[in-house]
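Heads up, the thing below is written out as structure tokens.
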Amino acid sequence: MTVRVVLVEDHALFRAGVRAELGELAQDDEPVPIEIVGEAASVDEAIEVIRRTRPAVVLLDVHLPGGGGRAVLRAFRDESEPPRFLALSVSDAADDVIAIVRAGARGYVTKTIDAAELADAVARVDGGDAVFSPRLAGFVLDAFAGEVSAPTDPDLDRLTAREHEVLRLIARGYTYKDIGGRLHLSVKTIESHVSAVLRKLQLSNRHQLTAWANERRLV
Amino acid sequence: MAGWGILCDDAAVTRRAALPRFSRSRDRVLAGVAGGAADRWGVEPAVVRAAVAVTSLAGGLGVVAYGLGALVSVPPASGAARSSPRRDHRRELAIACAVAAVLVAARTVGLWPGDEVMLPAAAAAVGVAVTWIPLGTTTAADSRRHLARRALQLAAGIGLLIAGVWSLASRTGGLASVGASLGAIAVVVGGLAMFAAPALGRLLRTLDDERALRIREDERAAVAAHLHDSVLQSLVLIQRSDDPRRMATLARRQERELRSWLYGGAQPGDPATLHAAVAAMAAAVESDHDVRVEAVVVGDQPLDERARTLLAALRESIVNAARHAEVDRVDVFVEVDEAELTAYIRDTGRGFDPAAVPDDRRGISDSIVGRVARAGGSTVLQSTPGTGTEIELRLPRSRR
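So the sequence lines, in the order shown, correspond to chains A and B. Convert by adding 981 to the 1-based position in the first sequence; the result is the number in the numbering used here. Convert by adding 9 to the 1-based position in the second sequence; the result is the number in the numbering used here.
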């Protein structure tokens, strides 16, 4: 089944680039089931296009005219079946990235990502998983720096030792598959750890996160 | 009165070295006359100062005597004047006393226009003085208190001034006419304002617009200068280059530079923290060795000796990977926790058998393992031919 994707990005050239690269991938022997069903260059346009085309995944630029990527996320927050958002940005600033993920994005990749990685990230977001680039893993480790909670403790403000371990391996550049092999766990288990981290990131009241959110008037 | 004790000791020192002529004291309030006289007579300077003050206020004799003393004495022996933070206040107090003494003397002698004129005038003068007394420089931390004190000071000063002038005007009987004139002036000014307001408003707006335009122009010029020096130069280089790898390298370096400029990551001069230093080093290795370096840093610390050691070993490891692993990407992860610095350098390239490295290849053993070991740290090298290499560096943090 093809993944229907809407590309929200204000630079036409970059949109064209993504389209071309993903198209090129599809011609290779490995068929990548991604179809770009719509494009938008601003917040209002994005909301309209997403409502009209009902994509599975939205590739969302963090910096967007008319309120930024977060304005788009807000518009779909209360919907029963919102599309899944994957944030895409040239910004490496921790607060930008943390803010968009806290607003509901299922992951974050930088624009230097290559086509195969992007296709893989889209497929994973479509499957309900979180996508952690090494950089995002680093930001999250920074934000949750300090004590590690007991494995059974569902404390939102801490990472479990295992989650911490997984994040560090992601930051070191390992893929989920590599990590599974190293920790003798299945890829599915790694994915559930990462999703748990994403949930904690989005729900935590930890003060660094709250400070970021307050600064950006997110709360 | 600890302060006086210190003054006495000083006076004693001066006394031993006393010249036959009457010399003014370096430990002075006004000109040092009272201090000098006290030295000469061998009494406490405070006694002489009190005597001068009392006789000044009661009849003005003190002022005359002080002036005479200043005339007949010689300056103190050379040497830096004693600096005391209290000096300023004492001096102001002394000047105030002298002025008061002169006024009292003038009143006694009969050179006096009458209390009803002089008291309001004095109030007005004090008001002006209070308004202009500087509060001294302050740090940003207590600027709010400073502001409050300044407001209080202004209010007190202006209040005194207005009270003085008002009272003066009412006593000289001119208040009624002043009121009428003020009314007339208000009417004229109001009329003029109504007449000229639109023109004035336009003028102010034009000035504002011009200022905004100038600021915009300056900003535009700054952005243009930066883009010219960086982006345009790189684009020209890319056009002239026919090697795709070189083009990609130039574009990557430019992207990093522009990004740090746009998002404020730029550090003027040498980086001061490990985080910034790793970022700068990664960018440099990227452009020198044609490889993408994904550097993630968690935590941070100042760039001390240990951090520099780690940085050097880290750089060597990345360069090794770039040279030998045949990859286009190296992942770097640096973590700073309470006890130690940890760094991982990973590539998914060719890999090698660490045991098979010939002894004459000193790169890894000297620049990485040896360097880290000398600083009290450890290195773990894992490599499998065909699947890649990971180097782990650990260094205890220096205690601060």
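Yeah, the Cβ is synthetic: ideal placement off N, Cα and C, and Gly gets one too. Predicted model, so just to flag it, every value in this text is computed and none were measured.
With the criterion set as a beta carbon lying under 7 Å from some beta carbon of chain A, the members of the segment 348–359 of chain B are Tyr353 and Arg355, in sequence order. The beta carbon of Phe1113 of chain A sits closer than 6 Å to the beta carbons of Ile1151 and Val1175 from its chain, once the five residues preceding and following it are set aside; these are given in chain order. The C-beta of Gly395 of chain B comes no closer than 9 Å to any C-beta of chain A.
Cβ atoms of Leu1041 of chain A and Val999 of chain A stay farther apart than 8 Å, at about 12 Å. Rounded to the nearest whole angstrom, the C-alpha separation of Gly1085 of chain A and Leu1054 of chain A is 7 Å. Within chain B, Glu303, Val305, Asp340 and Phe342 have C-beta atoms less than 8 Å from the C-beta of Pro1115 of chain A, given in sequence order.
Of the residues B:Ala384, B:Gly308 and B:Ile373, the one whose Cα lies closest to the Cα of Glu347 of chain B is B:Gly308. The secondary-structure analysis by DSSP pairs Leu1069 of chain A across a beta bridge with A:Asp1042 and A:Val1090.
Proximity of chain B to Asp1123 of chain A at the Cβ level (cut-off 8 Å) is accounted for by Val307 and Gly308, in chain order. Between Arg1105 of chain A and Glu1002 of chain A, the CB-CB gap reaches or exceeds 9 Å. The DSSP-derived three-state label of Asp1159 of chain A is helix.
Chain-ordered listing is empty here: chain B has no CB closer than 7 Å to the CB of Ala1075 of chain A, the nearest sitting near 10 Å.
Arg1149, Ala1152 and Arg1153: these are the residues of the segment 1136–1153 of chain A whose beta carbon lies less than 8 Å from some beta carbon of chain B, given in chain order. In this structure, DSSP gives Asp337 of chain B a state outside helix and strand, which the three-state scheme calls coil. Contact check between the segment 131–141 of chain B and the segment 151–166 of chain B: three or more CB pairs, one atom from each, fall below 8 Å, which counts as touching. Sequence-distant Cβ neighbours of Glu1016 of chain A in its own chain, meaning closer than 6 Å and more than five residues away, are Thr983 and Arg985. Put simply, the CB of Glu399 of chain B is near chain A, with a gap under 9 Å to one of its CB atoms. Our two residues, Leu1006 of chain A and Leu1099 of chain A, have alpha carbons roughly 11 Å apart in a direct line.
If you check the CB distance, Pro405 of chain B and Glu349 of chain B come in under 9 Å. With respect to chain A, the C-beta atom of Glu335 of chain B has no partner C-beta closer than 9 Å. The beta carbon of Glu264 of chain B falls within 9 Å of a beta carbon belonging to chain A, placing the residue at that interface. For the pair Glu228 of chain B and Arg220 of chain B, the Cα-to-Cα distance works out to about 12 Å. Taking the CA atoms as reference points, Arg159 of chain B sits about 9 Å from Thr140 of chain B. For Thr215 of chain B, the secondary structure class from DSSP, reduced to helix, strand or coil, is helix. For a Cβ distance threshold of 8 Å, residue set Val305, Val306, Val307 and Phe342 of chain B lies close to Gly1119 of chain A, ordered along the chain. Think of a sphere of 9 Å around the beta carbon of Ala1126 of chain A: the chain B residues whose beta carbon falls inside it are Val307, Gly308 and Asp346, in chain order. No Cβ-Cβ contact shorter than 9 Å links Ser407 of chain B with Glu399 of chain B. Counting of Cβ neighbours within 10 angstroms places Lys1181 of chain A among the buried residues, the total reaching 16 or more. Interface annotation, Tyr1155 of chain A: in contact with chain B, CB-CB separation under 9 Å. Here Thr357 of chain B is buried, its C-beta having at least 16 other C-beta atoms within 10 Å.
Restricting attention to B:Gly395, B:Val73 and B:Gly78, the CA atom closest to the CA of Arg49 of chain B is found in B:Gly78. Distance from Pro1036 of chain A to Pro1064 of chain A at the Cβ level is roughly 5 Å; contact confirmed, criterion being Cβ atoms closer than 8 Å.
Nearest Cα to Ala103 of chain B within the set B:Leu128, B:Val63 and B:Val306: B:Val63. When DSSP reads this structure, Ser32 of chain B sits in a beta bridge with B:Val83.
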